[in-house]
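Protein chains in written order, with my numbering: chain A, 2 to 469; chain B, 10 to 475.
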């Protein structure tokens, strides 16, 4: 049933593909480089390991995970299969999540798995064990810092990219060759990834999938070679500016206090719960939430989430190649005066759209930036040249947003059935979607539709991922 | 002293009548259905090599959950029962300068005061061996008596036995074929060389889901209707512990909250802890995110709904403790999806007399980490994160009014650690033991975080105007 609906949506989405046009976007002059040198991402990270408290902070006085006399900790932070400590609700029950390997020889249970402290572990490593070794830093980090049982899959992927970039940054930073396993950096708890396997289901595959692309973020235009990809739990209204040009404060209107958002964390960079909200198109981040605060916008791709929270960035793939587009990107943050799910033929809807510049170049009046639309059904679209549009009301540096008000969208009088209003930004004659970026789609039903289409007629539109 | 305690005792008498209504309308004792064989599990789809269980989950399922009624407020009590006229104000408590009585480079945990109010039970980690020792420190002479030595990897829960007869603790038991982890045995020591087992293999699932220990009251609560029933207790356990056998299986009270189709989260918080009211009339059952209260007189139970926090998540509680007079149930609480880091922790106080739930969070960083009731049941001492130094949280001491939730800071420039922190009042209310005490704020800022040690300190307390 579910796959049938998805298949139908995919067919509709494919029929709405815009015709290609030449776009002014181009690759950056170099890949991830500092002073002209090609930088190879690090493969290992050195971590000092401590017992942690329930917020991920080191306990005080500090307790290392091994005391140098062969004793290894059984407390949280040193092992996810913790058996002792004041707060045990983080501790994985090994009877429900069977550990993937036996306890180390001579040790009672799944204690801290290393015999030394600090430890050097592979950032990626392997999903498969080779004896009792643990070379899987990112898997354990992502499994703790997000949660496939609660967060949307796109948010899990966004977390993986942010965590990878953060690790690269820390390893590459001249003064931070050793990090620790606490929330001062990224919370790394050995066995955390393994504890996502349970009798009721296996939640490792979404994390495993998020590991595969190995995408990371590079600042533009200047080195250092990796974005200082800080992230935090939640903050209503907007993020806060951080220490680098990639961490400027951005509006985050989907995160609202009345819909489960609260201040939690430093507010710099990616909002973990915000990421899940944008992916869901709902003010509640938790995919299990029975409550709902529908938002007018949801985003179809993880890169939209990351480009929203990290400003002046370029995406790089595992081979060190920049991913297009780099300079000309946009996100819709909110749409007001959304048409109803079922619209009348010949009706005209006037939309107000809050548009964020998520690219790496400033938008000025010389760029002739406009918000426009197409209404598409099957292979037929209206306004393909973007003749009807709304001009940018003010210059928009990267990360900034402005309201483009009064975009009139007429629905063809002779159409019936499923259709879509596809919003896009134009730079001169070029649609930004033609450069590989994403449109903002509003699914509608003209006059009447087969009932099976109606669940997809959600505000903000939900399209299947062409890529995650 | 007498004038301070008189109204409390009177209030306690009123409570006995009134608070029994705190479990809501009288409900018939719920029939406890038996749990059948667990349903077959779906085949696991895993890309990774890992042990695959050959049979169903080794824990009870919710074949026939019983939905308990919500606890409802009792009839309004007379005004004089609500506010004892002699209750000291927060400003009346005067905390003296902390005096360090023990220092170590390895962790020291406070277990609690022995009944004499002079010997303090401590658990110290030995630096060179995987062992922990349980000792009584005579706070007047400095003499130390070692009660027991345990495996470092055993559960670190320990508690004084009633009437000063020794200490109960866990030690690792013998691992048998099929055990994924070694079980914990519940032990007791009545003095040097006087160690005896109370319940063997306590932490194994076959036992852990049939009974629970309450360290605060040195009680053992048996769930008589749990599948298979609790194991028989040796005479020593009957002698050392306050044993309550209740005709319940609390695991049947759980109903899906976090997930639409199950109650298990997979974390240790799934297992019930019990907290027995001092007079034994009420027993709180706590399991993330559930809090049930069982009335031993009427043999009825209800759910105390902690509600949903601002972040949209269910509130859950741990570290739950009755006030000495039994009026209040205090607890550390939070709200988060299971397994996620905590965004906040606060102190929640349930007033059984009025049915009112209050949340108090004096911590500037919104992390309350531990609390302890003052013997007069009017106030609680609380530790909460006050600020970060070199990426780690340091804590300050606060005093919270149980009735109003108001709080005032105490010992303004003294900071405390977050590792195994513990507060324990002597029964006369004159002394508080604290650990780990770190020292004055100015002194700590001049030290490297790595150099901080475990200090156990005593804080004299005076109550003015009383």
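The C-beta atom is built at its ideal place from N, Cα and C for all residues, glycine as well.
The Cβ of residue 348 of chain B sits closer than 8 Å to at least one Cβ of chain A. For residue 464 of chain B, no alpha helix (DSSP H) run applies; the uninterrupted beta strand (DSSP E) run containing it begins and ends at 463–472, by DSSP. Within the segment 314–327 of chain B, 319, 320, 321, 327 place their CB atoms closer than 7 Å to a CB of chain A, listed in sequence order. Inter-residue distance for residue 150 of chain A and residue 246 of chain A is about 33 Å (C-alpha atoms, whole angstroms).
Around the beta carbon of residue 56 of chain A, 16 or more other beta carbons lie within 10 angstroms, which makes this residue buried. Listed in chain order, the non-local C-beta contacts of residue 326 of chain B below 7 Å within the same chain comprise 295, 300, 315, 340, 341, 342, 357, local neighbours out to five positions each way being set aside.
At a cut-off of 8 Å between C-beta atoms, residue 238 of chain A does not count as an interface residue with respect to chain B. Between residue 419 of chain A and residue 450 of chain A the beta-carbon gap is near 5 Å, inside 8 Å, which marks them as a contact.
The C-beta distance from residue 141 of chain B to residue 159 of chain B rounds to 5 Å, short enough to meet the 8 Å contact threshold. Across the structure, residue 211 of chain B and residue 251 of chain B are spaced so that their CA atoms are roughly 16 Å apart.
In the three-state scheme derived from DSSP, where H, G and I count as helix and E and B as strand, residue 238 of chain A is classed as strand.
Shown here, residue 244 of chain A sits in coil according to DSSP, grouped into three states, outside any helix or strand. Excluding residues up to 5 positions away in sequence, 373, 427 lie with their Cβ nearer than 6 Å to the Cβ of residue 387 of chain A in the same chain. Residue range 154–173 is occupied by the alpha helix (DSSP H) that includes residue 157 of chain A. Comparing alpha-carbon positions, the option among B/337, B/429, B/378 lying closest to residue 364 of chain B turns out to be B/337. About 6 Å separates the Cβ atoms of residue 146 of chain B and residue 131 of chain B, confirming a contact at the 8 Å cut-off.
Below 8 Å, enough C-beta pairs join the segment 180–196 of chain A and the segment 136–150 of chain A to call them touching: three or more.
Taking a C-beta distance under 8 Å as the contact criterion, residue 357 of chain A and residue 448 of chain A do not qualify as a contact pair. Residue pairing by DSSP puts residue 222 of chain B in a beta bridge opposite B/229. Of all residues in the segment 389–402 of chain B, only 394, 397, 398, 399, 400, 401, 402 come within less than 9 Å of chain A when Cβ atoms are compared, listed by chain position.
Every alpha helix (DSSP H) of 4 residues or more that sits fully in the segment 241–297 of chain A is shown, in chain order, as 273–281. Annotation for residue 408 of chain A: the continuous beta strand (DSSP E) segment containing it runs 402–411. When 8 Å is used as the limit between beta carbons, residue 90 of chain A is near these residues of chain B: 276, 277, 278, 297, 325, 327, 347, in chain order. When A/108, A/45, A/152 are compared, the shortest CA-CA separation from residue 349 of chain B is found for A/152.
Residues of the same chain with a CB within less than 7 Å of the CB of residue 402 of chain A, apart from the 5 flanking positions on each side, are 252, 334, 355, 356, 357 in chain order.
In the three-state scheme derived from DSSP, where H, G and I count as helix and E and B as strand, residue 395 of chain A is classed as coil.
Contact between the segment 44–63 of chain A and the segment 235–247 of chain B is absent: fewer than 3 CB-CB pairs across the two stretches fall below 8 Å. By the CB criterion at 8 Å, residue 235 of chain A and residue 196 of chain A fall outside the cutoff. By the rule that beta-carbons nearer than 8 Å mark a contact, residue 116 of chain B touches chain A.
Between residue 261 of chain A and residue 232 of chain A, the C-beta spacing is not below 8 Å. Boundaries of the alpha helix (DSSP H) around residue 303 of chain A: 303–310.
By the rule that beta-carbons nearer than 8 Å mark a contact, residue 181 of chain B touches chain A.
Of all residues in the segment 197–211 of chain A, only 198, 199, 200, 201, 203, 205, 206, 209 come within less than 8 Å of chain B when Cβ atoms are compared, listed by chain position. Using beta-carbon distances, residue 155 of chain A does not count as an interface residue toward chain B, since no partner is under 8 Å. Out of B/253, B/261, B/75, the CA that lies nearest to the CA of residue 292 of chain B is found in B/253.
Residue-level contact check: residue 182 of chain A does not touch chain B, since none of the beta carbons of chain B fall below 8 Å from its beta carbon.
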